[in-house]
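Per this note's numbering, the very first residue in the sequence shown carries number 134; after that it's consecutive.
Yeah, the Cβ is synthetic: ideal placement off N, Cα and C, and Gly gets one too.
Predicted, not measured: the structure shown is a model, and the values here were computed from it.
Notes for the one structure printed next.
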Amino acid sequence: MSSEEQKPKKQLALNVVSKKEHKGFGAGSIDLNNVSPVIIDQGEAYIDIGAMHAKSKVERGIKFLTNREDVPNGRKCWIVWVAVDRNEEGPFYGGMTACEMAVDPEIKRGWKILAEHVNKLDYALKRRVMLEGLDANEKKLLRELLMQHNPEWWERTNDSVKEALA
134 MSSEEQKPKK QLALNVVSKK EHKGFGAGSI DLNNVSPVII DQGEAYIDIG
184 AMHAKSKVER GIKFLTNRED VPNGRKCWIV WVAVDRNEEG PFYGGMTACE
234 MAVDPEIKRG WKILAEHVNK LDYALKRRVM LEGLDANEKK LLRELLMQHN
284 PEWWERTNDS VKEALA
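Have a look at this one:
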């Protein structure tokens, strides 16, 4: 296949009321169609759907440990679970929770607490806003990503969510 015939790269987007059903482990117990993971790492915020199964760009090739001291040179990064809700006016950002992790690509090791990531995903689905630990710049990166991704959704978003990102 020549470079002219290659398909354009698919743009990642936040899920909104998808018709596709999640068929993985636990299907039917919670609906994952309206939540997307945002990665905040090295001064950048981006959507990485791979994080739904611990296969985001920063997680690939990393063996995660539960003892933070085992990754002394780990680079701090975040997964922010962003839930999109809908009202009579349309979609909006409804809940979001931040989960810290550390990665050290040199030794292929990382630190995260899987149970916390699962619980925070659940909290985002329940429209809670829990962004403790994010510094002002990380909140700014997240806010800018959400505003750029869909200004209309941002406009409809509850003031308490916007204040949490201020």
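Assigned with DSSP and collapsed to three states, lysine 245 falls in coil, not helix or strand. If you ignore the 5 residues before and after leucine 264, its C-beta comes within less than 6 Å of the C-beta of Ala231 and Ala297, all in its own chain and listed in chain order.
Minimum Cα-Cα distance from alanine 187 among the listed residues Pro170, Ala178, Tyr179 and Asn200 corresponds to Pro170. In this structure, the straight-line span from the alpha carbon of aspartate 203 to that of aspartate 174 is close to 20 Å. By the Cβ neighbour-count rule, leucine 247 is exposed, with fewer than 16 other Cβ atoms within 10 Å of its own. In this structure alanine 216 is in contact with asparagine 167, their Cβ atoms being roughly 6 Å apart against a cut-off of 8 Å. Contact annotation, glycine 266 with glycine 243: C-beta distance approximately 17 Å; criterion of less than 8 Å not satisfied.
In this structure glycine 176 is exposed. Its beta-carbon is surrounded by fewer than 16 other beta-carbon atoms within 10 angstroms.
Taking a cut-off of 8 Å for Cβ pairs, the segment 273-284 and the segment 250-261 do not touch, as fewer than three such pairs fall below it. The Cβ atoms of glycine 228 and lysine 196 lie no closer than 8 Å to each other. Apart from the 5 residues on each side of it in sequence, valine 236 sits with its Cβ closer than 7 Å to the Cβ of Val191, Ile195, Gly207, Arg208, Cys210 and Gly243 in its chain, given in chain order.
The C-alpha of arginine 193 is placed about 35 Å away from the C-alpha of glycine 223. At a Cβ-Cβ threshold of 8 Å, tyrosine 226 and leucine 278 do not count as neighbours. Here asparagine 283 is buried: its Cβ has 16 or more other Cβ atoms, across all protein chains shown, within 10 Å.
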